[in-house]
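What follows is a single structure, written as structure tokens, with notes after it.
Chains as they are written, first to last, in my numbering: chain A, 16 to 227; chain Y, 4 to 126; chain D, -15 to 163.
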């Protein structure tokens, strides 16, 4: 689950476990929020060349609805929640209790629903992950910012801190399985350089297993 | 009728809380989208109860709580947050919050709490 | 009556982050920007153009990742342009520049200032090379999809959810972030 394409691209088992706990906790919260079974599926911890990373979630010039959540604490960085419109509108109608087809575009209510969903998912995820990494440890999410933006530009903004220091970027990619709603949502955790140590990833060239 | 101030940066959450609050017999005096607005509205409206989010732009909930309590040591505030972190919630209680509800919450849970507070002679 | 044949669209080359490309007309160069800056050079007479997608202002002597930094990418871009023009670098003065990008999307991000730094570094190096900057579309908080048509020299920008617009000479559209 958390191997990159290259066998040397790995994160330590403890990190693997922490990410898994985060996903479980976020799945429970999301299910409760949506009132239907939902789960986060951690697709991979991706190690990519900077040039590949901007196309990681599909064509870079596709405009997507997204929420960006800054993280501070031991894992600083940015979490991007990317929604596909059709599934998001279905979710929003269900959340508000409106008939299906009522929400058709990203008005204030729809944006707030995306923000609150992102808030709930990310808070649950980082709480559990922080607790797993270091009992009592805190990861502090900031308020979500909603954006309609080119997918590639979003990722470029988020990965700039890592990209300014390294040629390869690390991101955690997560997809969603929601009962009754086929979706193309994604959650991407892009650590800042300061967060790579927390994930057990050293400066380029270091074997993660050799870190103190 | 008891008056409530709802504070949350997400319109949908304010709408959901409003729905439950009205069902529990509360009158929603106002809504605020950030901590600064919350402090200003508290000052001008002196509601009987506040539901307060923690993670918000401009000013967060914890800072708003401190200012509200400094202004009015009797202020009644319930924290409503997705941050289910012992230390954060403990800090809120120390800063004067009465209680907290973690998001996502079941409607019944919020309804129960607001109904109880609505009928309490202290509020 | 047979329909008028529609000419094939010119080939489009995508310039990825930290890279550059040059082309002779007919050709389109395109790239997608966030905080990065596209330095676009065009020679009207020769109908040759180049685009560099810059990430950072200063290589600080680093030898690798030439395309990432303003100070190393611009000379590399000019070298390739001279090759395509078919004459040595005396031809530098035939180029004019357009600068696009350098946005600051997340107020809270570390190094939210990088877009502005990239723009300033680009302006400085182009000034030192006496390459005039004809137009700018920079700053702000959104991504930009930008193309250069090497035949006409037209630089077209598209922002998410907005229309495309062409940058004309003399346009300086720079949005400063709200403080």
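We put the beta carbon where it would ideally sit given N, CA and C, even for glycine.
- Going by C-alpha positions, residue 109(A) is about 13 Å away from residue 101(A).
- Residue nearest to residue 111(Y) within the set 22(Y), 123(Y), 122(Y), 88(Y) is 22(Y) (criterion: CA-CA distance).
- Listed by position along chain A, the residues whose Cβ is nearer than 7 Å to that of residue 60(Y) are 158.
- The Cβ neighbour count for residue 44(D), taken over all protein chains shown within 10 Å, is under 16; the residue is labelled exposed.
- With at least 16 other beta carbons inside 10 angstroms of its own, residue 33(A) counts as buried.
- Residue-level contact by beta carbon holds for residue 139(A) and chain Y, with a gap shorter than 8 Å.
- For residue 134(A), the C-beta contacts it makes with chain Y under 8 Å involve 13, 58, 85, 106, in order along the chain.
- The way I'd put it, the stretch 153 to 173 of chain A does touch the stretch 55 to 74 of chain A; three or more beta-carbon pairs between them come closer than 8 Å.
- The alpha-carbon of residue 130(D) is positioned some 6 Å away from that of residue 16(D).
- In the structure shown, residue 70(A) adopts coil according to DSSP, grouped into three states.
- The Cβ neighbour count for residue 91(Y), taken over all protein chains shown within 10 Å, is at least 16; the residue is labelled buried.
- Here the alpha carbons of residue 16(Y) and residue 131(A) stand approximately 7 Å from one another.
- At a C-beta separation below 9 Å, residue 73(A) has no neighbours in chain D, since its nearest C-beta there lies roughly 13 Å away.
- DSSP links residue 82(D) through a beta bridge to 24(D), 119(D).
- If you check the CB distance, residue 152(D) and residue 119(D) come in under 8 Å.
- The beta carbon of residue 182(A) sits closer than 8 Å to some beta carbon of chain D.
- Counting only runs that start and end inside the stretch 125 to 198 of chain A, the beta strand (DSSP E) elements of at least 3 residues fall at 160 to 165, 183 to 193.
- Residue range 30 to 35 is occupied by the beta strand (DSSP E) that includes residue 30(Y).
- Taking a cut-off of 8 Å on C-beta distances, the stretch 53 to 64 of chain Y touches the stretch 82 to 98 of chain Y, as three or more cross pairs fall below it.
- At a beta-carbon threshold of 9 Å, the residues of chain A lying near residue 39(D) are 65, 171, 175, 178, 179, ordered along the chain.
- Per DSSP, the continuous beta strand (DSSP E) segment holding residue 4(D) begins and ends at 4 to 8.
- In the three-state reduction of the DSSP assignment, residue 6(Y) falls in the strand class, which pools E and B.
- Between residue 41(Y) and residue 7(Y) a beta carbon distance of about 12 Å is seen, past the 8 Å cut, so the two are scored as non-contacting.
- Taking 8 Å as the cut-off, the Cβ atoms of residue 143(A) and residue 39(A) count as close.
- Shown in chain order are the members of the stretch 12 to 31 of chain D whose Cβ falls below 9 Å from a Cβ of chain A: 14, 16, 17, 18, 19, 20.
- Under the three-pair Cβ rule at 8 Å, the stretch 194 to 204 of chain A does not count as touching the stretch 45 to 54 of chain Y.
- About 7 Å separates the Cβ atoms of residue 84(D) and residue 122(D), confirming a contact at the 8 Å cut-off.
- Residue-level contact check: residue 216(A) does not touch chain Y, since none of the beta carbons of chain Y fall below 8 Å from its beta carbon.
- Residue 95(Y) holds the alpha-carbon nearest to the alpha-carbon of residue 69(Y) among 49(Y), 54(Y), 95(Y), 53(Y).
- No Cβ-Cβ contact shorter than 8 Å links residue 14(Y) with residue 160(A).
- In this structure, 62(D) is the residue among 62(D), 8(D), 0(D) with its C-alpha nearest to the C-alpha of residue 114(D).
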